[in-house]
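Protein chains in written order, with UniProt numbering: chain A, 1 to 542; chain B, 1 to 366; chain C, 1 to 314; chain D, 1 to 285.
For each residue, glycine too, the CB sits at the ideal point set by N, CA and C.
Nothing here was measured: the structure is a model prediction, and the numbers come from that model.
To start, the structure under review is shown below, and the notes come after it.
In structure tokens form, the structure reads like this:
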């Protein structure tokens, strides 16, 4: 993961300590070590607030009392502790790149989220890291053969179905009813109740705790699009003005145009979307979803795959064709390499995770630009297809770090309260601004927060929520891993020319049918039907 | 077939000198034995001839030609190892044909020569069998045959008979002699067994501690040992070698032996001892078969008296151990007249007695 | 050396030790039974239950996602479907093929390099001991660490590109073809020493006088090597090749650390495939079927090989 | 044997070349472990030896933080180091004790003649082909992520090596020595314990070191059977590799160096017997 080191080596630790100490001294907090035990701590709260981070300007926005989700969680813990039903320690299996968001102080002068929790509850949080691509393997290892090693698992949101049906996750519906988290808060939480359902529930019950915002969002090199010579060249070559695209057709036109061109930053490649195994599925799903109006589902009402339908094959053909405009080695890209491609001005646009701009646009503390693309990046709405005078813009929710409570945990309620605290809008907003990791914003409150805006940039503050509203879920029910892998293999075979798009889709269709058949008794058809209902129907005027 | 000249060859392994200033001339077609106790440098000498070891100083010439720059493969030297070094993973046939095959000799020619050689060594019936199935005796034949088949310029044999049982050893000894005549090749033969050397070789080189002690025909060496070492080493039973101080008393030269025995020297041996006046201690040598009992046969024969300690029968004769004070003489009794405990006079002819300087081991006079 | 206890001290000793154990100590067969017991128990422990469970799972389509515990897997009995499926699973055969490719490239190269090195080291030369120790080092390094080392070396900004004058975007571990090459290079680096070690032992076991005899007979070094040294080393060579082939078939650590089987499935070997099927796809029943098939096939090959060797040897 | 100077020179060229190839990755890792951040990549130029040697990489992995670095580590190397030591040693004890006893019974009492081949089969199969039931069993007996659970599987998988190695050592003990002792009245146990074991003591030590190396080198089993508390060094190293991002080469190298040292040292100590150990006693040096 190339990105995490970007944050790794800013100022030296000594310098860092110096500045934070200075900041704390200024706010009357004393040194870092004194800080935790300092009685002055309580005085740092805004009037009426009983908990939350302190010690920096604006800290009050993240503070809470027992009328708020976080406050209720802390109160709940206190009650559990009084009843002797709270652990000394909660252990959490977490994707490596996200750890810093919980353990690193942000902003200057602040404690870390972990410190705040431990101070307020006395329960230690023990975080064990694992690589993002592999973490669900480790989760399943613990579920199947483990011994209650972890209280909390994290992993891709898509895998919730697999985890639930393997009996690995705790059903939290009762806890949710009891402690009332603010996930679905109409002002601060998810934009719609459907979105809350999608992110936090499975088959009608609460299992997952959303800690990410992986709605693939479009970014482009505004600084290049707006150049006159580029505009002229595009007009000359395509007969169209170069604007941000609204449809996949326009995307492909732009991709084709930029491929092989050099506008002073080296050779460019038009297609910056992820095409590699695992990560590239998101690109395919997004294209697939808009094949019909208002949506083209992966399965029909009866749970039959749509892969080798005419539209499915057309989608696959377009997807395969777009590969010719990709940079070399694109098949090996994870998001990290794709980020780097944009930062190095190699690709004009990409639909990708939003922390692209968190790590690559703007300036480091020492004043150097985070990348060559600093100041050049813009963002636009997802693209779709034009049907009459309407466009069904669609993005896809894919990966999206999510936490679950291990069914082997001895203290599920206490663990639930920690996760409620962590994922509620105040704490999460505060963390989302933290450049220490890749939890991305997704709650409404996140996008109103200046700290988040400062790391994710103003231009994304409107497009990300708009993208969220237009996102369809990728496959998120039991059997997901198998379904995704089956399709993925076939798409890769088509991209690398081993099969035609039609052959690949036929093969994938067969594999999917086999999986569905086998999973039928586990209610996969019902799950498909439930998933279909969560698709957005919002369309935009052309 | 070639002659070999070994000129002032020295071989050192680090500080250890294995062979020192060795000179040997080996005539074409000669059968030479390198004889000496183990560790004397005879094998090193042979290895140098074969080219398995470098020469530190000096040179080895084959027909006047120095082969030190020639690879072992190209020297064309036949070598029979002590344990034969048979290629046990190959058949008997393949063993015999190896030297020809690697020289890319025509197939039919190989076949002819292998069969002829197998006949000659009488192992034809074993040709197709794995060499590992041969008896030791057959391996010996195979080893010789394998070397002979390539018609080497010389033939080196490293203790070839030492692994054989007694009966076959005697047979093989004779066989080797025949083979050598048949092949007509120069053969060099390393052994620590003097009987083998005496019975086989045209010439024997006796080596001790890396130095050449004597080089000559078996008879020469037997009758006329150049020094005390050779005298002691060659001959069975061993020569009596009595060491003592030389003392001139009342006109008689005596060898005063530690322990009190005295040998009054007379005749030829006396003059030999006195040929070098610097020599004060000497060694008196006489072969057991030259000592006789009974009536004195010549005027100046040396007379001694001793007690018969032990009698040991060897075939028709008996070995007699005669005790003279603390000195033991070994003699041969071929008339069965003596009994243990007898005190008898015995006689030693001066002409058959040898005189050595004790300090250097050098032969005096002769 | 040990002192041999006198009978006197012995009797007093054994008189003190009464009961069952005293009789065991005096009965070779009984004592042997107790000596073998721990090993037998460990073997049974690791063989019997796992085999039965594997057999059972392999005829179902149970996965941990099934929502029922594994012992109730009969509810999803599937006859031989897994076995049928594995015959036509391109990913499995792809993984098998890549495993064979790695074996087919790495093992012969290791063999030839090992043989060449053994040839260099068979005669004494000054410094031989030190160089010998150096040559052995790679095989003693933890395979995971070897993976790490080559991970470091093959970074775009790493020394290999730097020393070869290649640009930093010349990727090794993420390139479709070069990833495989990188993995093979690492495997060769680590395991050539094993070949070297075994082959050298074999080469030193060739009687030196036979080699001398062959030379004196006029055979060139190469001829003698082919006709004398090689045939004599046959057993050793077979041992070395079999050992390496078996280990190479199991290769996991190195690849898992260097490429995780990637890019795509470009370096996915049978072990990585099984790992991913187990924890990724969670197809436990399928993995059980593949596992049993591998067990069966390898056992047959091993048995055939052993009986062949036995026939050869006597 | 005659060796011409030219041939000798050529030999040295090859030997040095081979040594260079062997040392290249090792040396790179070792020097990398002592390099400070700016010297890690081509970005600021690579050198073989650190321009400003530093111990901060080691400091970092042992203390979780180091002078001059903002990043910190939640879990230091200490736990995994202890875990590796404990499980390797216990696994070695189990394998060597049971292997020694069993091989003695096979060699001396002629028992269970099929045992040698059966244990050998354990080494034939890819562990992943048989791991699912093993993991289920381990979970059932509560052995996952415990020191004894890992030691147990280590003991089992290295048992074949211990068994075969000790078998060759016992075969070298002349049976006459034992017979002599037994004739003088020793029990079988006493013969084994007082006569044979002391004779094979050097073999036993070799065997223990050899098996220890194998256990220490394991990655896969620890990956499958530990989660958190008893994660071993290689597993820790691998997770850290990605945890620290693609570029924290210095710390990774430091970790690698620490993990590599014990087996290399022990391996060189038992160099003489490596062939025997690795070929299950089929070859000796």
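Query raised in the report: Whose Cβ in chain F lies nearer than 9 Å to the Cβ of residue 141 of chain A?
Result: In the structure shown, chain F does not exist; the protein chains are A, B, C and D.
Requested in this report: Give the interface partners of residue 228 of chain C over in chain B, defined as CB-CB distance under 7 Å, in chain order.
Outcome: 87
Query - Proximity test, Cβ basis, 7 Å: residue 201 of chain C and chain B - result: No, residue 201 of chain C does not count as interfacial toward chain B.
**Report entry** Where residue 360 of chain B falls, given that 16 or more other Cβ within 10 Å makes a residue buried
**Finding:** Using a 10 angstroms sphere on the CB of residue 360 of chain B, the tally of other CB atoms stays under 16, which defines it as exposed.
Query raised in the report: Excluding sequence positions up to five away, which residues of its chain have a Cβ less than 6 Å from the Cβ of residue 189 of chain B?
Result: 33 and 157
**Report entry** Test: residue 205 of chain C CB closer than 7 Å to a CB of chain B
**Finding:** no
Query - Local conformation of residue 262 of chain B per DSSP, three classes - result: strand
Requested in this report: Output the residue ranges of the alpha helix (DSSP H) runs that lie fully inside the segment 259-284 of chain C and measure 4 residues or longer, sorted by chain position.
Outcome: 270-276
Query raised in the report: Counting only runs that start and end within the segment 147-225 of chain D, where is the alpha helix (DSSP H) found for 4 or more residues in a row?
Result: 147-172, 175-183, 201-217 and 220-225
Query raised in the report: Under the three-state reduction of DSSP, which class applies to residue 71 of chain B: helix, strand or coil?
Result: coil
Report task. Compare the C-beta of residue 204 of chain D against all C-beta atoms of chain C and say whether one is closer than 7 Å. Result -> no
Query - Against chain C: residues of the segment 334-363 of chain B by CB proximity under 9 Å - result: none
Report task. State the CB to CB distance for the pair residue 230 of chain D and residue 83 of chain D, rounded to an integer number of angstroms; the pair is presumed to be in contact (CB under 8 Å). Result -> 5 Å
Requested in this report: Take residue 70 of chain B and list the residues in its own chain whose beta-carbon comes closer than 8 Å to its own, dropping the five residues that flank it on each side.
Outcome: 51
Query raised in the report: How about residue 81 of chain B: is its C-beta nearer than 7 Å to some C-beta of chain C?
Result: yes
Query - Within 7 Å of chain A by C-beta, residues of the segment 160-187 of chain C in sequence order - result: 171, 174, 175 and 176
**Report entry** residue 11 of chain B in three-state terms, based on DSSP
**Finding:** strand
Query raised in the report: Does the pairing of the segment 156-167 of chain D with the segment 213-229 of chain D give three or more beta-carbon distances under 8 Å?
Result: yes
**Report entry** Neighbourhood of residue 270 of chain D by C-beta, 7 Å cutoff - its chain only, sequence neighbours within 5 removed
**Finding:** 206, 209 and 210
Requested in this report: May I ask you to report which of helix, strand or coil DSSP gives residue 222 of chain C?
Outcome: helix
Query raised in the report: Cα-Cα, which of A:268, A:335, A:523 and A:539 is closest to residue 384 of chain A?
Result: For residue 384 of chain A, the closest C-alpha among the options A:268, A:335, A:523 and A:539 is that of A:539.
Query raised in the report: Listed from N- to C-terminal order along the chain, which residues in the segment 515-527 of chain A have their beta-carbon within a distance smaller than 7 Å of any beta-carbon of chain C?
Result: If the cut-off is 7 Å between Cβ atoms, the segment 515-527 of chain A has 518 and 522 near chain C.
Query raised in the report: Under a CB-based cut-off of 7 Å, is residue 145 of chain D close to chain A?
Result: yes
Query - Closest residue to residue 341 of chain B among B:354, B:358 and B:321 (Cα-Cα distance) - result: The shortest Cα separation from residue 341 of chain B among B:354, B:358 and B:321 belongs to B:321.
**Report entry** Against chain D: residues of the segment 476-497 of chain A by CB proximity under 7 Å
**Finding:** none
**Report entry** Short CB-CB distance (under 7 Å) between residue 146 of chain A and chain D
**Finding:** yes
Query - Meets three-Cβ-pair contact criterion under 8 Å: the segment 136-153 of chain B and the segment 82-92 of chain B - result: Note that the segment 136-153 of chain B touches the segment 82-92 of chain B; at least 3 beta-carbon pairs, one per stretch, sit closer than 8 Å.
Requested in this report: Quick one: which residues of the segment 211-222 of chain C get their C-beta closer than 9 Å to a C-beta of chain B? List them in chain order.
Outcome: 211, 212, 213, 214, 215, 216, 217, 218, 219, 220 and 221
Query raised in the report: Does the Cβ of residue 100 of chain C lie closer than 6 Å to at least one heavy atom of the ligand COA?
Result: Because no ligand of any kind appears in the structure shown, any question about the ligand COA cannot be addressed here.
Query raised in the report: Can you tell which of B:211, B:16 and B:77 has its C-alpha closest to the C-alpha of residue 35 of chain B?
Result: B:211
Requested in this report: Identify the contact partners of residue 32 of chain C in chain D, using a Cβ-Cβ distance below 7 Å as the criterion.
Outcome: 105, 109 and 111
Query raised in the report: If you draw a straight line from the alpha carbon of residue 163 of chain A to that of residue 133 of chain A, how long is it in whole angstroms?
Result: Pairing residue 163 of chain A with residue 133 of chain A, the inter-Cα distance amounts to about 16 Å.
Report task. Classify residue 133 of chain C as buried or exposed, calling it buried when 16 or more other Cβ atoms lie within 10 Å of its own Cβ. Result -> Exposed.
Requested in this report: Could you check what DSSP says for residue 227 of chain B in three-state terms: helix, strand or coil?
Outcome: strand
**Report entry** Helix, strand or coil at residue 39 of chain C according to DSSP, with G and I counted as helix
**Finding:** DSSP places residue 39 of chain C within a helical segment (H, G or I) once states are collapsed to three.
Query raised in the report: Does the distance from the C-beta atom of residue 508 of chain A to that of residue 490 of chain A stay below 7 Å?
Result: yes
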